[in-house]
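From first to last, the protein sequence lines stand for chains R and V.
Residue numbering for the first sequence follows my numbering, beginning at 1 and increasing consecutively.
Residue numbering for the second sequence follows my numbering, beginning at 1001 and increasing consecutively.
Built from N, CA and C at the ideal position, the CB exists for glycine as well.
Notes for the one structure printed next.
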Amino acid sequence: MIPLGHIVMLSMFLFCVGVYGILTQRHAIRFLISVELILNAANINLVAFNKYWGTPDGLGQVFALFVIAVAAAASVVGLILVIAVYRLRKSVFIDDFNLLKW
Amino acid sequence: MNAVVFYMIALFIAVSAVLSVTVRDIFHGAVALTMTLLGIAFLYFYLDAGFLGVIQILVYVGGIMALFVFAIMLTSKMGDHKIPQVNAQFWPGLLIAAVLCAVLLKIVVDSSWMHAQASAVITDLQTIGRSLVTGYVLPFEFISLLLLAALVGAIVIGKVRR
């Protein structure tokens, strides 16, 4: 079996890719893709630590299940926001979403 | 043999994750994200979390990715080569992500659990089900409330006003 650190390194890399995407990309849907990557990185950690240091009630996997449900709700609301703002502004770039700046 | 499978899955996840935030066409990005989520489902199967792997495929690959594709289709195609896909803070953003990666790598390598080996505890479906209706029943009910709120919120925001 592989050491725990290697799985955590994979999830750390996914998290950093997500942070890079949020900081640099202009497309609003690309932003949501990056958020999904970050949430999945957290889930990998939960499942890996449950496998290596698990408690008998399987808390890691139960919590990962909750994270998946919250991520689904978040991406539904995020995508519908993108569509609603696109109707107003005819753009999907975050730079053009300056409705709240003053 | 066992370790080789993990490193192949890890390479698959890492490459498709990088592709999903760097390719020019947003639709190709969504396809790469699907590959990433599928790779993560394989990782769950590898880590003896079969139920979560199935849920991952059902919810993410089946549900959320369909929503992403619909949202991309409903908004205009803006992958034109003249329009830049990255904003003005590309280099600072890349630098911050790289520094964050290096710092986290240092923390992981120095940690006490870096070389920890797998325990004998296997979490099966019965354990998860029993936990969900006994110890964690309150968060479980809260999730249903949250999903209802998200459903109503999505309808209210997405409604066309006249």
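C-beta atoms of residue i and residue j nearer than 7 Å
i	j	result
Ala1071(V)	Ile83(R)	yes
Met1065(V)	Thr1034(V)	yes
Ile44(R)	Ser75(R)	no
Tyr52(R)	Ala1118(V)	yes
Val1059(V)	Ile2(R)	no
Leu39(R)	Ala71(R)	yes
Leu1146(V)	Ala73(R)	yes
Gly1158(V)	Ile7(R)	no
Phe1140(V)	Thr24(R)	no
Val1018(V)	Met9(R)	no
Leu46(R)	Ala64(R)	yes
Ala966(V)	Val77(R)	Outside the shown range of chain V (1001 to 1162) lies residue 966(V), about which nothing can therefore be said.
Val1121(V)	Gly54(R)	yes
Nonlocal neighbours in the same chain, by C-beta distance under 8 Å from residue i, ignoring five residues either side
i	result
Ala1049(V)	Thr1123
Gln26(R)	It is Arg, not Gln, that sits at residue 26(R) in the sequence shown. For Arg26(R), where only same-chain residues beyond five positions count, the Cβ hits under 8 Å are Phe93, Ile94 and Asp95.
Leu982(V)	Residue numbering for chain V in the displayed model covers 1001 to 1162; residue 982(V) lies beyond these limits and cannot be assessed.
Gly58(R)	Asn50
Leu14(R)	Leu37, Ile38, Asn40, Ala41 and Ile44
Three-state secondary structure (DSSP) of residue i
i	result
Gln1085(V)	coil
Gln25(R)	strand
Phe1068(V)	helix
Phe93(R)	strand
Val1023(V)	coil
Gln61(R)	helix
Thr1036(V)	helix
Pro1092(V)	helix
Thr1075(V)	coil
Ile1055(V)	helix
Leu1132(V)	helix
Asp1110(V)	helix
Leu1047(V)	coil
His1115(V)	coil
Val17(R)	helix
Where residue i falls, given that 16 or more other Cβ within 10 Å makes a residue buried
i	result
Val19(R)	buried
Ile1143(V)	buried
Val1030(V)	According to the sequence displayed, residue 1030(V) carries Ala and not Val. Buried, since its Cβ has 16 or more Cβ neighbours within 10 Å.
Ile1155(V)	exposed
Ala1041(V)	buried
Gln1126(V)	exposed
Tyr1136(V)	buried
Ile1083(V)	exposed
Ser34(R)	buried
Ala1102(V)	exposed
Thr1075(V)	buried
Ser1111(V)	exposed
Leu1138(V)	exposed
Leu1011(V)	exposed
Ala48(R)	buried
Ala1163(V)	As shown, chain V starts at 1001 and ends at 1162. That puts residue 1163(V) outside it, with no answer to give.
Rounded distance between the beta-carbons of residue j and residue i, thought under 8 Å
i	j	result
Leu1038(V)	Val1061(V)	6 Å
Thr1036(V)	Leu37(R)	7 Å
Ser1016(V)	Ala1003(V)	Incorrect: roughly 21 Å between the Cβ atoms, too far for contact.
Ile1026(V)	Arg30(R)	6 Å
Val62(R)	Ile1128(V)	6 Å
Ala1014(V)	Leu4(R)	Contact doesn't hold; Cβ gap of about 18 Å is too wide.
Arg1024(V)	Gln1085(V)	6 Å
Cβ shell of residue i (< 6 Å), same chain only, five flanking positions each side left out
i	result
Leu1043(V)	Ile1009
Val1152(V)	none
Ile1057(V)	Ala1041
Gly1053(V)	Ala1041, Tyr1044 and Phe1045
7 Å CB neighbourhood of residue i in its chain, flanking five on each side removed
i	result
Tyr1046(V)	Val1005, Phe1006 and Ile1009
Phe1051(V)	Leu1125 and Ile1128
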